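A short write-up of the structure that comes next.
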Amino acid sequence: MNPYVAEIIGTGLLLLLGSGVVANVVLPQTKGNNAGWLVITTAWALSVFTGVVVAGPYSGAHLNPAVTVGLALAGKFDWAMAPGYIGAQVLGAGIGAFLSWLIHIDHFKATQDPGEIAAPFGTSPAIRNLPNNFISEVIGTFVLVFVILYITGAKIEDASETPIGLGSVGALPVAFLVWVIGMSLGGTTGYAINPARDLGPRIIHQILPIKGKGSSDWSYSWVPILGPIAGAALAAGLFYLVGY
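With our numbering, letter number 159 in the sequence shown gets 153, and the count goes up by one each step, no holes.
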């Protein structure tokens, strides 16, 4: 295990369970069909918990390019490691989404609606208004990264053991944070708040031979990529300005 492998595995678990709950709730003939938004937001929070538990001791469990960029901008993470972390996160997210598809393959085959087929892979807005959708992702990710910066603290006691990140104080606080963001702010865009969470699975949706899957909606894909990065940058900037 090294930090990059940990990010792949942690983000893979995040998306296996996160994509899995969307498939369970949205796709027809599953045991959890129509279970609702509370089930989705709760499972996403617990999927973050699961990924952080595994990756935390080895990588700090960023599991999210926006977190990596936010920590680096705040001076809490080495920029030289950021490209490898981000690549690992996108790869892990794609693997997790693929495994979720494999588990639910019969239910994908039973689905006629392209929107329902796409839902477990990438986010989409409830009302398509790209400027407002972008702002939603900016604000949601701002809350995520700004609070994480205060959870992890400003001082690294022993950087040789664990790179600072989500795993530095345990998984539960971040799980609760993701849960409240989803319940409070997630209804507009599906709260990607994580470029890897959206990009990796969207690529998998594009390449998988799913009958009737429709478009992968690349015209929207910039929103859950650039919005979270902008939100992370604003969070790091405010963290720097107000003191730590």
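We put the CB at the ideal spot given by N, CA and C, even for glycine.
For clarity, every value in this text was computed on a predicted model and none was experimentally measured.
- Contact between VAL168 and VAL46 holds: CB atoms are separated by about 6 Å, below the 8 Å threshold.
- Inclusion of ILE99 and THR105 in the CB contact set at 8 Å is not warranted, their separation being larger than that value.
- Three or more beta-carbon pairs separated by less than 8 Å link the segment 81 to 88 to the segment 194 to 201, which places the two stretches in contact.
- A direct Cα-Cα distance of roughly 8 Å separates GLY109 from LYS207.
- Across the set PRO203, VAL15, ALA76, LYS103, the C-alpha of ALA76 shows the shortest separation from the C-alpha of HIS56.
- In this model, ALA49 and PRO218 are separated by some 23 Å (Cα to Cα).
- Judged by their CB atoms, GLY134 and GLY180 are nearer to each other than the 8 Å cut-off.
- Separation of LEU21 and ILE129 (C-alpha to C-alpha, rounded to the nearest whole angstrom) is 29 Å.
- Looking at the backbone, the Cα of LEU7 and that of LYS70 are separated by about 25 Å.
- Cβ-Cβ separation between ALA39 and VAL172: approximately 5 Å, consistent with a contact (criterion under 8 Å).
- Note on GLN83: 16 or more other CB atoms within 10 angstroms of its CB, so buried under the neighbour-count rule.
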